[in-house]
Amino acid sequence: MIRAENIAKSFGDQHILEDINLTFEAGKTNLIIGRSGAGKTVLLKILVGLYPPTSGIVWYDNVNFTALAKKKVRDIRMQVGMLFQGTALFDSMTIEENVRFPMDMFTNKTAKEKLDRVNYCLERVSLKDVLKKYPSQLSGGMQKRVGIARAIVLQPKYLFCDEPNSGLDPKTSLVIDELIHDITIENNITTIINTHDMNSVMEIGDNIALLHNGHLAWEGSNDEVLTSKNEVLQDFVFASPFLQKVRNLHT
Amino acid sequence: MRLVFSRPEKMSMYWRETMRQMNDIGIGSLIIVILISTFMGAVMAVQISYQLGGQLIPRYYVGYLVRDITIIELAPTITCLVLAGKVGSNMAAEIGGMRQKEHIDAMEIMGVNTSAFLVMPKIIAAICVVPLLVSVAAIVSILGAYIAAVPTGLFSGAEYIQGIRSYLETWNIFIMYVKAVVFGLILASISCYQGYFVKGGSIELGKASTAAVVMSNIAILIADYLIAVLLTS
Ligand SMILES: Nc1ncnc2c1ncn2[C@@H]1O[C@H](COP(=O)(O)OP(=O)(O)O)[C@@H](O)[C@H]1O
Ligand SMILES: [Mg+2]
Chain A
12 MIRAENIAKS
22 FGDQHILEDI
32 NLTFEAGKTN
42 LIIGRSGAGK
52 TVLLKILVGL
62 YPPTSGIVWY
72 DNVNFTALAK
82 KKVRDIRMQV
92 GMLFQGTALF
102 DSMTIEENVR
112 FPMDMFTNKT
122 AKEKLDRVNY
132 CLERVSLKDV
142 LKKYPSQLSG
152 GMQKRVGIAR
162 AIVLQPKYLF
172 CDEPNSGLDP
182 KTSLVIDELI
192 HDITIENNIT
202 TIINTHDMNS
212 VMEIGDNIAL
222 LHNGHLAWEG
232 SNDEVLTSKN
242 EVLQDFVFAS
252 PFLQKVRNLH
262 T
Chain B
109 MRLVFSRPEK
119 MSMYWRETMR
129 QMNDIGIGSL
139 IIVILISTFM
149 GAVMAVQISY
159 QLGGQLIPRY
169 YVGYLVRDIT
179 IIELAPTITC
189 LVLAGKVGSN
199 MAAEIGGMRQ
209 KEHIDAMEIM
219 GVNTSAFLVM
229 PKIIAAICVV
239 PLLVSVAAIV
249 SILGAYIAAV
259 PTGLFSGAEY
269 IQGIRSYLET
279 WNIFIMYVKA
289 VVFGLILASI
299 SCYQGYFVKG
309 GSIELGKAST
319 AAVVMSNIAI
329 LIADYLIAVL
339 LTS
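Right under this line is the structure:
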């Protein structure tokens with residue numbers, strides 16, 4: 012479980028986030044949704060500690076993550092996996108080396124054990140015959156999957172995904188969403204996903220938090236999204252002219 | 109199932125990275141160092157002969173002067189100024205690129221101590237390899253002087269070798285290695301710093317790379333002066 016307590020963030024005199032109180036549960040896919048520029052990435056980076064919050068506390072289970080010394084932060088980080096918006100795969104390393112890197116860095120496994128684990132993780136994300144390829148030789152969707160494989164290679168307790176399906180076609184997006192959802196349940200991971208994709212929201216939104224202008228505008232589950240009367244949420248959900256027409260036909 | 113972690117980070121990864129850096133710096137710079145020091149020695153032989161010409165100073169003095177100027181000043185300083193341009197800009201661009209492409213953030217989130225993992229191997233490699241390159245530069249420079257001057261008749265081989273073997277002070281060789289180590293440390297740490305804290309995009313990366321070279325050069329020259337004052341007084 013991860014908890015954000017009264018998180019606020021400003022860059023200079025620009026207030027990006029205010030009064031964010033959220034609980035992200037284990038074994039569930041927790042979604043942070045909102046328009047582009049709403050502050051999703053900033054919030055995620057505060058949760059993983061890449062940005063310090065201007066005020067407030069981030070709790071990892073019962074540990075005050077914000078107040079931890081650098082060395083202790085690293086101990087927790089060994090249990091964290093993250094899929095970056097731009098994947099952040101190491102472009103001078105092969106896919107095998109990318110996925111193996113956390114194991115090389117932190118474990119005493121033999122080469123054979125590492126290779127087995129790499130193969131298992133790549134299989135888990137449905138990738139074949141990519142071991143010796145470089146990230147630039149893969150499509151966007153495949154790169155995201157490698158990113159997921161690398162994020163789960165050390166069996167994390169916490170998984171962060173920043174826009175896992177931005178730039179992907181709807182079908183591939185769905186595959187990636189389901190993959191993250193399954194992995195989360197299988198391993199009881201606390202998963203936090205940033206997205207503005209309504210399909211993800213409806214498919215895998217166990218817990219959803221809507222950010223709007225740096226504030227928490229709505230919280231709930233995917234079952235409640237369509238029935239909620241919250242205006243900001245309605246605005247976000249029915250943003251496209253197509254969906255507005257569908258809604259008007261219904262009412 | 110939790111994984112069994114050994115000590116936080118594997119020394120083998122640091123070792124492998126240090127080896128890669130040594131190879132990059134050493135093998136990668138060998139040709140340019142040889143090229144530059146050959147000409148350095150050649151020019152010195154010609155110009156020192158010209159300056160001493162017609163005076164009452166014996167000609168073997170040219171060898172003696174070439175050797176000491178090379179060892180005390182030119183081999184460490186010129187080599188490191190060149191290496192700052194070649195190796196320093198490369199280090200800054202490599203680390204800066206990793207910063208901009210979020211590779212450093214990705215490593216941080218895995219729990220890697222990135223400032224140590226990315227910087228330390230480079231500094232250690234520089235401290236080990238730069239003195240070797242400076243030794244090569246010194247030897248090649250002295251040979252360069254021979255090649256330039258003996259066939260053209262500026263002085264005879266015997267005179268030059270007599271000069272090379274006169275008044276050798278091991279203290280001067282010590283000064284050369286002190287300079288090499290200090291300059292290596294300076295160029296690696298300034299360049300890594302410039303790369304590690306880069307912001308923005310490709311223009312800023314270019315600027316960081318340039319700043320790495322310029323600031324390393326200035327720092328090397330200042331250190332050169334300070335070492336000269338400290339070790340020769
Ligand atoms: N490092 C930064 N410095 C200053 N402003 C930033 C920084 N990162 C993000 N911002 C600002 O914070 C706001 C939210 O950005 P972001 O969290 O990336 O939005 P999104 O919800 O699309 O992920 C934007 O207005 C952006 O300009
Ligand atoms: Mg974003």
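Those protein sequences? They're chains A and B, same order as listed. The numbering used here applies: residue 12 is where the first sequence begins, and numbers increase by one. The numbering used here applies: residue 109 is where the second sequence begins, and numbers increase by one. Just so you know, even glycine gets a beta-carbon here, dropped at the ideal spot from N, CA and C.
By the CB criterion at 8 Å, Met206(B) and Lys230(B) fall outside the cutoff.
Rounded to whole angstroms, the separation of the alpha carbons of Tyr131(A) and Ala316(B) is 41 Å. For Leu227(A), the enclosing beta strand (DSSP E) has its first and last residue at 226-231.
In the three-state DSSP reduction, Phe101(A) falls in the coil class, being neither helix nor strand. Taking the Cβ atoms as the reference, Leu28(A) lies roughly 5 Å from Gly225(A), within the contact range of under 8 Å. Val69(A) and Asn17(A) have their C-alpha atoms spaced approximately 9 Å apart. The beta carbon of Ala331(B) sits closer than 7 Å to the beta carbons of Val290, Phe291, Ile294 from its chain, once the five residues preceding and following it are set aside; these are given in chain order. According to the DSSP assignment, Arg85(A) belongs to the alpha helix (DSSP H) that extends over 81-88.
Boundaries for Asn176(A): no alpha helix (DSSP H) harbours it, and the DSSP string shows neither H nor E there. Checking the 7 Å criterion, the Cβ of Lys51(A) is within range of a heavy atom belonging to ligand 2. According to DSSP, residue pairing for Met93(A) in a beta bridge involves Phe171(A). Relative to Ser47(A), the option among Lys81(A), Leu227(A), Glu174(A) whose CA is nearest is Glu174(A). Shortest Cα-Cα distance from Asn199(A) to any of Tyr169(A), Leu79(A), Pro181(A) involves Tyr169(A). Between Leu241(B) and Thr178(B), the gap from beta carbon to beta carbon reaches 8 Å or more. Note: Leu221(A) is bridge-paired with Ile44(A), Trp229(A) in the DSSP secondary-structure output. Bridge partners of Lys20(A) according to DSSP: Leu28(A). Leaving aside the five residues that flank Gln90(A) on each side, the residues in its chain whose CB is nearer than 7 Å to its CB run, in chain order, Pro167, Lys168, Tyr169. Among the residues of chain A, none has a CB under 9 Å from the CB of Asn131(B); the nearest is roughly 15 Å distant. In this chain, the alpha helix (DSSP H) harbouring Thr185(B) covers 183-191. If you draw a straight line from the Cα of Ala220(A) to the Cα of Val190(B), it comes to about 55 Å.
Distance from the CA of Ser66(A) to the CA of Lys20(A), rounded to the nearest whole angstrom, comes to 7 Å. Residue-level contact by beta carbon fails for Met153(A) and chain B, as no gap is shorter than 8 Å. Under the 10 Å beta carbon count, His261(A) is surrounded by fewer than 16 other beta carbons and is classified as exposed.
Residue environment: Gln154(A) is assigned as buried (16 or more neighbouring CB atoms within 10 Å of its CB, all protein chains considered). Interface annotation, Ala214(B): in contact with chain A, CB-CB separation under 8 Å. Proximity of the segment 223-238 of chain B to the segment 74-86 of chain A falls short of the contact definition, fewer than three beta-carbon pairs being nearer than 8 Å.
Straight-line measurement puts the Cα of Lys194(B) at about 43 Å from the Cα of Ala49(A).
The beta-carbon of Pro113(A) is placed less than 8 Å from the nearest beta-carbon of chain B.
Contacts between Gly97(A) and chain B, judged by CB atoms closer than 9 Å, involve Lys209, Glu210 in chain order. Near chain A, meaning a CB-to-CB distance below 7 Å, no residue of the segment 184-206 of chain B qualifies. Taking C-beta atoms as the reference points, Ile13(A) and Thr206(A) fail to come closer than 8 Å. Counting along the chain, Ser223(B) sits inside the alpha helix (DSSP H) bounded by residues 222-257.
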